[in-house]
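To start, the structure under review is shown below, and the notes come after it.
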């Protein structure tokens with residue numbers, strides 16, 4: 001069974017159990033990343049508080065693909081554009097912290113974030129010549145520190 005079939009069958013089973021029928025599209029990339037875009041009404045419960053349910057669904061799909069297809073892949077899920085909206089908020093927050101680093105010329109530690117959010121920060125900060133980012137900490141306390149470039 002190929003990876004897209006595993007993802008599709010898993011989603012169909014989960015959605016069937018929940019008695020919901022959202023539309024979704026699965027796109028695979030060459031780098032082992034599979035994007036699932038889910039659209040529908042009243043799906044906020046699939047996102048959960050601060051995206052926790054969404055993260056759990058991604059983990060379920062990742063582990064199911066690993067077990068059934070034997071491949072290590074990344075599954076990214078977006079529900080009704082939540083990730084795009086979240087990325088915009090993260091970039092706005094990063095801009096505020098970048099301004100603080102520039103003004104005070106001191107390191108600034110951001111709050112703990114999940115890997116996807118930290119990656120968004122790192123990608124956004126990489127566009128600036130005078131500020132660098134670094135992930136620090138472990139587990140749920142892992143966060144990004146912004147520093148003036150020396």
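Numbering (UniProt numbering), first residue to last: 1 to 150. Don't be surprised by glycine CBs; every beta carbon is placed ideally from N, CA and C. Please read all numbers here as calculations on a predicted model, not as lab measurements.
Would you mind reading off the limits of the alpha helix (DSSP H) that contains residue 101? Sequence index remark: in the chain shown, residue 101 carries index 101 (1-based). First-last of the alpha helix (DSSP H) with residue 101: 82 to 104.
What beta strand (DSSP E) runs, 3 residues minimum, are completely inside the segment 4 to 63? 23 to 28 and 33 to 39
Which partner residues does residue 143 have in the DSSP bridge list? Sequence index remark: in the chain shown, residue 143 carries index 143 (1-based). DSSP lists 136 as partners of residue 143.
Between the Cα of residue 98 and those of 147, 3 and 2, spot the shortest distance and give me the residue it belongs to. The residue labelled residue 98 in the question sits at position 98 within the chain shown. The shortest C-alpha separation from residue 98 is found at 147.
Measure the beta-carbon distance from residue 47 to residue 28 and round it to whole angstroms, keeping in mind my assumption that it falls under 8 Å. Position 47 of the chain shown, counting from 1, holds the residue named residue 47. Position 28 of the chain shown, counting from 1, holds the residue named residue 28. At roughly 23 Å, the Cβ-Cβ gap does not stay under 8 Å, so residue 47 and residue 28 are not in contact.
Whole angstroms are fine: how far does the CA of residue 63 sit from the CA of residue 10? The residue given as residue 10 occupies position 10 in the chain shown. The residue given as residue 63 occupies position 63 in the chain shown. Cα to Cα, residue 10 sits roughly 11 Å from residue 63.
Which residues mark the beginning and the end of the beta strand (DSSP E) in which residue 75 is found? Position 75 of the chain shown holds residue 75. First-last of the beta strand (DSSP E) with residue 75: 74 to 79.
Boundaries (first-last residue) of the alpha helix (DSSP H) holding residue 117: Position 117 of the chain shown, counted from the start, is the residue given in the question as residue 117. Looking at the DSSP string, the run of the alpha helix (DSSP H) that includes residue 117 is 115 to 125.
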